[in-house]
Structures are given as C-alpha cells and as structure tokens.
Amino acid sequence: MELYFLKEDFSLLDGPIDSFTSVVWYERFFETGTFVLHFPETLLKRVMNAAYVCTSVVDGEVKCGRVEYLSTEEDGICKMGGRLLECILADRIMEGSGVYSGTVTEAVSSAVAACLGEGNVTIGECVMISDLVDLTYSWNNLSEWVYSVLKPYGASYSVKPDPETGLPVFRIVRGEDRTAGEKAAVFSSSFGNITSINMDIDRSSMKNFAYVQGKDGTVVTVDNSGGRDKREMFVKADDIAPGGFPTSEDYTKALKKRGAEKLAKNPEGFAVSAECATDSLPRYGKDYFIGDICDVADEKLGVSFGMRLTAVDTVWENGVCSVYPLFGEEIRYISKLMGKI
Numbered sequence: 101m102e103l104y105f106l107k108e109d110f111s112l113l114d115g116p117i118d119s120f121t122s123v124v125w126y127e128r129f130f131e132t133g134t135f136v137l138h139f140p141e142t143l144l145k146r147v148m149n150a151a152y153v154c155t156s157v158v159d160g161e162v163k164c165g166r167v168e169y170l171s172t173e174e175d176g177i178c179k180m181g182g183r184l185l186e187c188i189l190a191d192r193i194m195e196g197s198g199v200y201s202g203t204v205t206e207a208v209s210s211a212v213a214a215c216l217g218e219g220n221v222t223i224g225e226c227v228m229i230s231d232l233v234d235l236t237y238s239w240n241n242l243s244e245w246v247y248s249v250l251k252p253y254g255a256s257y258s259v260k261p262d263p264e265t266g267l268p269v270f271r272i273v274r275g276e277d278r279t280a281g282e283k284a285a286v287f288s289s290s291f292g293n294i295t296s297i298n299m300d301i302d303r304s305s306m307k308n309f310a311y312v313q314g315k316d317g318t319v320v321t322v323d324n325s326g327g328r329d330k331r332e333m334f335v336k337a338d339d340i341a342p343g344g345f346p347t348s349e350d351y352t353k354a355l356k357k358r359g360a361e362k363l364a365k366n367p368e369g370f371a372v373s374a375e376c377a378t379d380s381l382p383r384y385g386k387d388y389f390i391g392d393i394c395d396v397a398d399e400k401l402g403v404s405f406g407m408r409l410t411a412v413d414t415v416w417e418n419g420v421c422s423v424y425p426l427f428g429e430e431i432r433y434i435s436k437l438m439g440k441i
C-alpha cells in the first residue's frame, strides 16, 4: 500500500510513500472511524504539515483520514492519527430548529447540503430510502443526527474521496444481504477463512419499547419487542408539536419516528468478532463491504448467524495486510446460538 499526504484543500503535499512502519484503518458503519499511522522520523519533515492522509486506489476505493495528532516516540518512530472523513459532518451543528421533509434520502441529503454549504464535499449517489418523513432538528450535531435518522433503516453514511478528483463525496449507504445467492459472503471456521471467533452478548442496557410524548402531551408507543419481554423507555419530545404538521397522522408519525431513533441507540448488545485469514476469500472491499449482512458460523461453538458487518479494522504492517471484521448489534436472524436464544 502507498500513502499520500494532502494539504487542507486535498491537493498533494507528498507521496506516494511506502516506507511507513504500520497503518491501521478503523472503519465503523454507525460512527466515525479513526486511523493510526507509524513511520520513521526521517519522514517527519516531509509530512508534518499534512492535513489528510489517504491510500492509493484499492478495489476502486480510497481510504482517507484527517490528521488530528502527531507525536514522536521511542526508537525513532513517529505516530500520526485522527478520524476518517466522516468527521467533516461530526464538526458541524445544524443551526436553529426546523424540519426537513420528503423521502428519507431527500431529507437527509438536503440537510447535509445545507449544513456543509459551498465546500469541498459534494453529494454523491445515495441509496434510496423512499419512506416519506418530516425530520425535525434543533441545534443537533449533524453527524449524530444523520446516524440516528438512518440507523432504523439499516443505513448509514460515508464520506470518501472520489478516486479521480480526490475530493470528498457524501453518500447514504446501506449494505447488501450476502447470506445467500451468487454474492454470498460466508465466514466459517470449517471453511478456514476465519482464524478465530469471539462472541459477546450484553442485554443490560437494551430497550425494545418506547413511550413518546409530544409537546401537547400526546403519547404514542413504539414496540420492537417482537413478543419478548418488554424493556421500556420514556422519550420526551417537546420539540415535536402538532402545529408543525399538516395532519394529526403526520404528527404521530413524527413521534413514532423519534421513538424508533431512541430505541436504535439502545440495542441488544450482540457482537461476533472474527479474525480473517489474510489470503482467504471472501475479500473485504471486493466481495463484501462494511454494512453488508454476512453469514458467520463456527461449528465448534455451535453458532450460526446472519449479521451486519458494523466495523472493520484493516492493518498494514511490514507489507502484510490483515483484516479484522466485527459483526454485531444489527441482528437479522440467529439460526442457532448454543441451542437457545
């Protein structure tokens, strides 16, 4: 892998450089990812003024992060790191209060365009989420607002450099179901494409039923319990008032939407982490992507899952690439979990 160091306007400062010691890209589907880079101090003068670090084009995609810290360490090694480009939204506040209406895709795209204004970021092709909504905001952090709106639809957003221009592009993304068919991505110890698997279940903070109260005292409920024991929460939505909507149906729909967003922030804590064999298939970035739903199985543990890929750590060290995927939180189905669930 070759790295390029960029100025604030995304023009080239230096590169390509392949003499780094290691670089780790911590990609996340429902939050802003990070990166950490180690390189010999002989490169320090060349790269210390870099605003961004990006890779060369790999499988049609460029990884890029904004430099937020730089330090010298022992043995002549320097450490540089920061957040991935989704941080551009994380640094913005939605000014004032208001509503964005239309389809989910239209409303979110309009909000992002309005907040970012005439900058380097452009709005690219987005996955279509056709539900009609009225999305309220009131001095929200833009990134947190977008994540909370999209998460109930199994969707998220990405900001990545255009492979041709190098400038960042915002997109609404939603992974594919790769549990079956020609595009299936199966991870199994019996297949030999994972070298280890770890499972973690935590229901301590999970909520699946919400009471949502609007400004006029109207209360609606959102039930995601699916017949299981209810774990209830109360959501006070004083910023949602009947006067802001043309009909009572639209008003209650907005309240239910708020409840769904709050429940999405309190999911059942269920995660499966697996270390992929370096040269095995399927290949991340080509056969499967972050946000996809994949099959994960381990015959020794007796578990089999169809789960969303929510995090990927890609480690380049001494010329070798290792991929560590994390499947969790968004459970599509569990066919077997140690004989019970």
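In terms of my numbering, the sequence shown opens at residue 101 and continues consecutively. Note that the Cβ used here is the ideal one computed from N, Cα and C, for glycine as well. All values derive from a computational prediction rather than experimental measurement.
For residue i, the first and last residue of its enclosing beta strand (DSSP E)
i, result
"residue 114", "112-117"
"residue 260", "256-261"
"residue 271", "268-273"
"residue 128", "122-128"
"residue 291", "Where residue 291 is concerned, there is no enclosing beta strand (DSSP E), given that its DSSP letter is neither H nor E."
"residue 279", "First-last for residue 279: undefined, no H or E at that position."
"residue 140", "134-140"
"residue 155", "152-155"
"residue 104", "103-106"
Residue i: first and last residue of the uninterrupted alpha helix (DSSP H) it sits in
i, result
"residue 178", "From DSSP, residue 178 is part of no alpha helix (DSSP H) but of the beta strand (DSSP E) over 177-184."
"residue 144", "144-147"
Test item: CB-CB of residue i and residue j under 8 Å
i, j, result
"residue 204", "residue 344", "no"
"residue 423", "residue 384", "yes"
"residue 370", "residue 428", "yes"
"residue 288", "residue 364", "no"
"residue 132", "residue 186", "yes"
"residue 246", "residue 260", "no"
"residue 215", "residue 242", "yes"
"residue 224", "residue 271", "yes"
"residue 64", "residue 177", "Outside the shown range of the chain (101 to 441) lies residue 64, about which nothing can therefore be said."
"residue 306", "residue 368", "yes"
"residue 412", "residue 218", "no"
"residue 238", "residue 171", "no"
"residue 153", "residue 105", "yes"
"residue 337", "residue 303", "no"
"residue 157", "residue 263", "yes"
Top-ranked residue by Cα proximity to residue i, from the options
i, options, result
"residue 180", "314, 150, 189", "150"
"residue 340", "122, 312, 326", "312"
"residue 353", "264, 366, 322", "322"
"residue 234", "162, 355, 161", "355"
"residue 227", "295, 208, 121", "208"
"residue 252", "382, 366, 236, 102", "366"
Spatial neighbours of residue i in its chain, beta-carbon cut-off 8 Å, leaving aside the 5 residues before and after
i, result
"residue 244", "190"
"residue 342", "314, 315, 316, 318, 348, 351"
"residue 220", "109, 110, 267, 268"
Cutoff 6 Å; reference residue i; Cβ partners in own chain excluding five residues on either side
i, result
"residue 308", "324, 325, 331"
"residue 361", "248"
"residue 284", "278"
"residue 222", "269"
"residue 334", "311"
"residue 192", "215, 242"
"residue 212", "270"
Same chain only: Cβ atoms within 7 Å of residue i, ignoring 5 sequence neighbours per side
i, result
"residue 393", "275, 277, 278, 279, 406, 407, 408, 432"
"residue 391", "129, 256, 273, 274, 275, 408, 409"
"residue 400", "289"
"residue 145", "none"
"residue 107", "113, 151"
Within-8 Å CB hit, residue i to chain B
i, result
"residue 116", "Any reference to chain B falls outside this structure, which holds one protein chain only."
> Taking the runs of the beta strand (DSSP E) that are 3 residues or longer, which of them lie wholly in the segment 304-392?
Replying inline: 309-314, 319-323, 332-337, 369-376
>> So within the segment 170-250, which uninterrupted alpha helix (DSSP H) runs reach at least 4 residues, ignoring any that extend past its ends?
In response: 187-190, 204-216, 242-250
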